[in-house]
Amino acid sequence: MAKVLMSTSYDPNFPPENVLTNNTKEFWMSTGLFPQEILLSLSSPSTPRNLRLACSNVRHVVIEGCEGNHLGNFTKVGETEIGSNGGDIQKETVDLNVSRPVNFLKIVFLSGWDEFISVHLVKVD
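Rendered as structure tokens:
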């Protein structure tokens, strides 16, 4: 199971931990500037194959991974562009290219279709 360590935006009404609840009515909301990030700690080193997102107004996402027990050198392991759908929930699976076990994943939202984005669900498979 993953755990949220940090996000670049924080609103007590929409905390970043909401992305892991499996309830799409709970979500994390950005502050409106880009890039935005969510940093996840994995429960054990692993080589995930994909990352599933349920979000809104997200346009360009990069996923980075970090080996070892200390935050440091992140490398890009996935990237996608998500088409606009008028603010409705977007469901996207990002294929990951992880060749060595990682302890941390960083989701970097480089741009959105609006000033604000929301992330309703993050699943690491």
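Counting from 103, one number per residue, gives the positions in the sequence shown under the working numbering. Glycine included, C-beta positions come from ideal geometry on N, C-alpha and C. Source: prediction; values computed, not measured.
Annotation: ASN205 to ILE140 spans about 14 angstroms, alpha carbon to alpha carbon. THR126 and THR110 have their C-alpha atoms some 20 angstroms from each other.
For VAL160, the closest C-alpha among the options ASP113, ASN187, PRO147 and PHE176 is that of ASN187.
DSSP lists no beta-bridge partner residue for SER201.
Around LEU198, the same chain offers PRO150, ARG151, ASN152, LEU153, ILE165, GLY167, VAL179 and GLY180 as residues with beta carbons nearer than 8 angstroms, after the five sequence neighbours per side are excluded.
DSSP places MET108 in the uninterrupted beta strand (DSSP E) bounded by 105 to 109. Here THR177 is not near GLU194, since their CB atoms are 8 angstroms or more apart.
Per DSSP, VAL121 is not a residue of any beta strand (DSSP E), being assigned neither H nor E. If you draw a straight line from the Cα of VAL196 to the Cα of VAL221, it comes to about 14 angstroms. For LYS208 and LEU142, the gap between their C-alpha atoms comes out near 6 angstroms.
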